Amino acid sequence: MKKYNPKKIEKKWTKYWIDKKTFVPDLAKAKNPYYALFMFPYPSAEGLHIGNFYAFTCVDVMAKYMKLKGCDVYEPVGWDAFGIHSENYALKIGEMPEKMLKRTIKNFRHQMQAAGLSCDWTREVNTTDPEYYKWTQWIFTKLFERGLAYQKEAQVSWCPDCKTVLADEQIEAEGLCERCKATVEKRKMKQWFFKITAYAERLLSGLETMDWSEITKSAQRNWIGKSEGAIVKFKIFKTKPSKFLRFSLKNDIEVFTTRVDTLFGCTYVVLSPEHELALKIATPERKKEVEKYIKKAGQKSEMERKESKEKAGVFTGAYAVNPVNGEKVPIWVADYVLAGYGTGAVMAVPAHDERDFEFAKKYKLPIKQSITPDYEGYKQTEKTVEALHKINDAAKKEKLKIWLLGGLGCAFHAGIIYRLHDDLDFIAKDNNQFKKAIKLFEKLGFKKVREKKLSETLTNYIFANKDGIEIDLGPNVGEWGLADKDFEENIKILNGYEACVLSKKFHIGLKNLLLRERRKEKDSLDLAYLQGKVLTDDGFLVDSGIYAGLTSEKAREEITKWLEKKKLGKKETNYKLRDWCISRQRYWGPPIPVVYCEHCAKNFPKARLFPSKSSTLGIPQSQALENYATIPVPEKDLPVKLPELKKGWEPAGDGKGPLAKVENFVKTSCPKCGGEARREADVMDNFLDSAWYFFRYVSPKNKKEIFDRKLGKKWLPVDLYVGGNEHAVLHLMYTRFITMALHDLGLMDFDNPFKKFRANGMILKDGKKMSKSKGNVVNPEEYGEKLGYDALKSYLLFLGPLSDDRSFSDEGIKGLRHWAERVFNLKARIASNHKDSKDIVKKLHQTIKAVESDMDSQKYNTAIAKLMELTNAFYAEEKISAKMFEKYLIIVSIFLPALAEELWSELGYGKSIFLEKWPKYDPNLVAEKEMNIVVQINGKVRDQITVSAEAKEDDIKKSAFASEKIKKYIPNVDNIRKIIFVPGRLINFVV
RNA sequence: GCCGAAGUGGUGAAAUUGGCAUACACGCAGCGUUCAGGUCGCUGUGGGGGCAACCCCGUGGAGGUUCAAGUCCUCUCUUCGGCACCA
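At position 38 of the first sequence (counting the first as 1) the number is 108 in our numbering, and the numbers step up by one without a gap.
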């Protein structure tokens, strides 16, 4: 018998599929289109990576399944060949990118074809093809017309190694370049941006209904970073407190906050060093210092700013007015406030914000509480302290020495006693002092409510006032004062009173009150010390005028309403998402299709204002270079071809692209006036190339349109997309944005490009991340050649669920090779006119059903497990019929395509197995004739019984009682308290 | 710190959504076939106790709901991913 030789078989069938166009659909005639897509391969010199290979496989298996299920499946392929990665590698080996890519693409194609994927190789696209990037440029011009592409001078991220600016999304968490891992710098440069922020809300809310991996959606949500709050205007206070400066509105300080409810707790305002008012408002005597600080901060990189843990800043000498209470608050400048978020200015509430608190502590700025977690407690303690004050003042007047103590553990309970060191006997005898105290209490509105006899001579009197404040009057110092370990310490804190020991229950409330007492003494008290931590959670407002007592949530609404009415603020939503910087000072990309014309600027000043006329979004128009009009290249002149350069295509690092030096490229004529003009010399980010490629696949050779509208309607959006989640906020976000923009142009009627997206987990090698330096990189080609691609692909899928990280091991893959072997060897058991046992037929039908349901939810690992079970079941049979084996081969073919084809042809079929139909399972055969019922006693399994599928509860009960084991546990049926019966599953007796 | 995902045998992992925990595979052990080897076939394999039938324990930890919990609720620990001086 022939031995299983995957190498030979796979080579034969991969060639057959391509030659016979087995997987090439007729896009126009297709009746049941299914668009299966894996992420755009970037043809790296290193060759195919196992992670990408895995994503391809996930898509491919589904494509094969859907094809057998009767769909017209399109699984296109192409090359994302522009970009810094390719160019960097070309620079490294000193070869032109174009030449190098010819080689790497060839290699990639070869590797992917060898893998037996069901790609359509007749419709490849390549982003570096002028026929492709013509449309990349076209998209730019369309966005420009709509005001979604604009130029501005801004702080941008510059990679010193790649010598170009990058988008925010292309900077990794530690401030490293996504491509080369160099630390990026901040530079102020004029760059082209895409107004992705105009779509922030749509990008966010769209996520809700999208069938995408949760992990991806969560990453996008975090990146968009929506926060709802308000803008509050602080007017600037003139040094003479009687008058406000009559500043125009723009000279108000606007702050963004999500916590308007803490506005009463605002004790100062902070501007970022980049804020336009920072220097303007500084008083003459502070100006020098402020200027010095701003300069120093400007020199620090973003990383340095973040690294310096201690908050630092400088006082401007100026004051602002808190709009809600008219309080005068100092204005500071500090670099812990970011220029790029919100308004670049914040209201500081040190009592309820950790950063503000840290800053306030350092510079001894006032801390004012305006939120409490326990409003009732707060009010009561306030009243208690008020009462204590009264008693204390009155006692002083009458020269009565008393100590006030909080009760330990009882509500609103303060006490009055004699001095600690006074002799108890003396107290008992000194009725005079005691009587005086009682009188004083009565005078202050306290009434005796009860009394407690402590001994023959000592009595405790309990007084209460109308607020329900209870105060003990008695010589019970031993019980209270000495029992409390914190007594001495608390006396020190409370030197404002004679003494007050706090009940533990009201620590927070009373300590907050103490805080206020201290503030009166202009002492900035250490809130963290008193409270353990800064109270940053929502709570109830206190010391906040008419808003006191409201919940934070309600107060935010009310205060915002009031601010809006008074035109002192408004509701505002902020996003962390920033516009997409698409300029690259590099060679290997599509040139930005823009021309700068001096004549047009003079003759048609309006040309500069382009695109404001057609803009519907109120975006600031492009300002281009000074004195030049910005003219987009019209469609008929596209593409703007990237000139072939033999020399000088390396990035210079001077902030200009290499094309700037190519005079015959830059020098051009203006498409508007025909006069002399200059081209933009930067190229576009390659993430734009890959943001729309799946549209192009629909009609890759179309010369008239970006894609054929009719075919688009049929095939788009993509049915299944799989790829790594490292692109969650890069490719996957850009793609959504471009799709929305094209949707708004009327190109199609959907704005989510991928109906279903699944982020595949990472493949680890023996539990560790793969890396070249560790030398544990799994090369798919190596394993494919050695053990067969059928086994390799199935193993990757069998490892675990699609979304989990999975560990690849050389031992583990043997199991799948083994399985392939067993499938191959099954043919020895085929007997053409054999009559299969009922059980094995049932097993086949059950497996068909189970595999279908697993495939529908992308549970490839269990689908394979079930096919293995069936294989094992076949091995338990002497013979199997050819008919059954054929059905089996079809369902196995999605995982072991080449092997299935080979066996299929050996059975005598002349056509591909993938032209067959997925076998239908017979529901009658799937259903079990008999069922296994678990018999439990008190929830513990004690026996199993087999009954017919039609058996009713009573029959089952009877059979259960017939069991010897059950009899052993329940000798007397009367002891059964309850019977739980789950049809088809179990019966549980509670005794 | 905030948001998300996840913790089950020696290992990768299953578990019809609350109903027999550990399917399938690796590894290991044993048997068979073979001159031999394993890319062959079969059997066994969570832990503990018992000659045995059988019993007890067991899904990161602690509680809870339930006849019944890997699954639901509360608290907690750990790991991974995203965001992060974002007001």
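Beta carbons are placed, not taken as given, at the ideal position from N, Cα and C, and that holds for glycine.
All of these numbers come straight from a predicted model, not from anything done at the bench.
Buried/exposed call for LEU333, threshold 16 Cβ in 10 Å: buried
DSSP three-state assignment for TYR599, whether helix, strand or coil: With a pLDDT of 39 at TYR599, under the threshold of 50, the modelled position of this residue cannot be trusted, and the question is left open.
Residues near PRO967 in its chain [Cβ-Cβ closer than 6 Å; skip 5 each side]: GLY186
Check whether ALA761 and HIS801 have beta carbons under 8 Å apart: yes
Residues near THR127 by beta carbon distance below 7 Å, same chain, minus five either side: LYS863, LEU866, LEU867
Supposed close pair LYS339, TYR363 - CB separation, criterion 8 Å: According to the sequence as given, residue 339 is Val; it is not Lys. Between TYR363 and VAL339 the Cβ distance is about 16 Å, and since that is not below 8 Å, they are no contact.
CB contact flag (ILE539, ALA464, <8 Å): no
Cα-Cα separation between LEU543 and ILE508, rounded to whole angstroms: 8 Å
Simplified DSSP state of MET1001, which is helix, strand or coil: strand
6 Å CB neighbourhood of LYS1022 in its chain, flanking five on each side removed: none
Helix, strand or coil at ASP281 [DSSP, three-state]: strand
Terminal residues of the beta strand (DSSP E) in which VAL416 lies: 415–418
Inter-stretch contact at 8 Å, needing at least 3 Cβ pairs: the region 837–845 / the region 169–184: no
Close-in-space but distant-in-sequence residues of the same chain around GLU359 (CB under 6 Å, 5 per side omitted): VAL384
Cβ-Cβ distance between ARG1047 and VAL1004 below 8 Å: no
CB-CB length for ILE642 against GLY410, believed under 8 Å: It should be pointed out that residue 642 corresponds to Glu in this sequence rather than to Ile. Actually they do not touch by this definition, with Cβ atoms about 16 Å apart.
GLN207: first and last residue of the uninterrupted alpha helix (DSSP H) it sits in: 200–215
Alpha-carbon spacing of LEU812 relative to MET818, whole angstroms: 7 Å
Three-way DSSP call (helix, strand, coil) for ILE561 in this model: Confidence in ILE561 is poor, its pLDDT being 39 and thus under 50, which makes the residue's placement unreliable; the coordinate value appears in the next sentence. Looking at ILE561 - three-state DSSP - the assignment turns out to be helix.
Cβ pair count under 8 Å reaching 3, the region 850–860 against the region 147–157: no
C-alpha distance - TYR930 paired with CYS336, whole-angstrom precision: 57 Å
From MET754, ASN772, VAL921, residue whose alpha carbon lies closest to that of PHE210: MET754
Assigned secondary structure, ASP463 (DSSP; H/G/I helix, E/B strand, else coil): helix
Alpha-carbon spacing of GLN369 relative to GLY295, whole angstroms: 28 Å
For ILE437 and LEU611, believed in contact at Cβ under 8 Å, the rounded distance: With 8 Å as the limit, LEU611 and ILE437 do not qualify as a contact, their Cβ atoms being about 16 Å apart.
Buried or exposed (CB count within 10 angstroms, at least 16 for buried), SER923: exposed
Close-in-space but distant-in-sequence residues of the same chain around THR1016 (CB under 8 Å, 5 per side omitted): GLU1000, MET1001, ASN1002, ILE1003
Whether PHE735 touches PRO787 by CB criterion (8 Å): no
Beta-carbon proximity list for SER614, same chain, < 6 Å, skipping 5 on both sides: PHE334, SER440
Residue range of the alpha helix (DSSP H) that includes PHE263: Premise fails: PHE263 lies in the beta strand (DSSP E), 255–264, not in any alpha helix (DSSP H).
DSSP bridge partner residues for PHE304 (one or two, in chain order): ILE323
DSSP-derived helix/strand/coil call for ASP142: strand
Residues that DSSP places opposite SER297 in a beta bridge: ASN644
For LYS726, the nearest candidate out of THR234, PRO111, LYS204, MET132 (CA to CA): THR234
contact_flag[the region 85–101, the region 140–149] where n(CB pairs < 8 Å) is 3 or more: yes
Residues that DSSP places opposite GLN183 in a beta bridge: Note: GLN183 sits in no beta bridge, so no partner.
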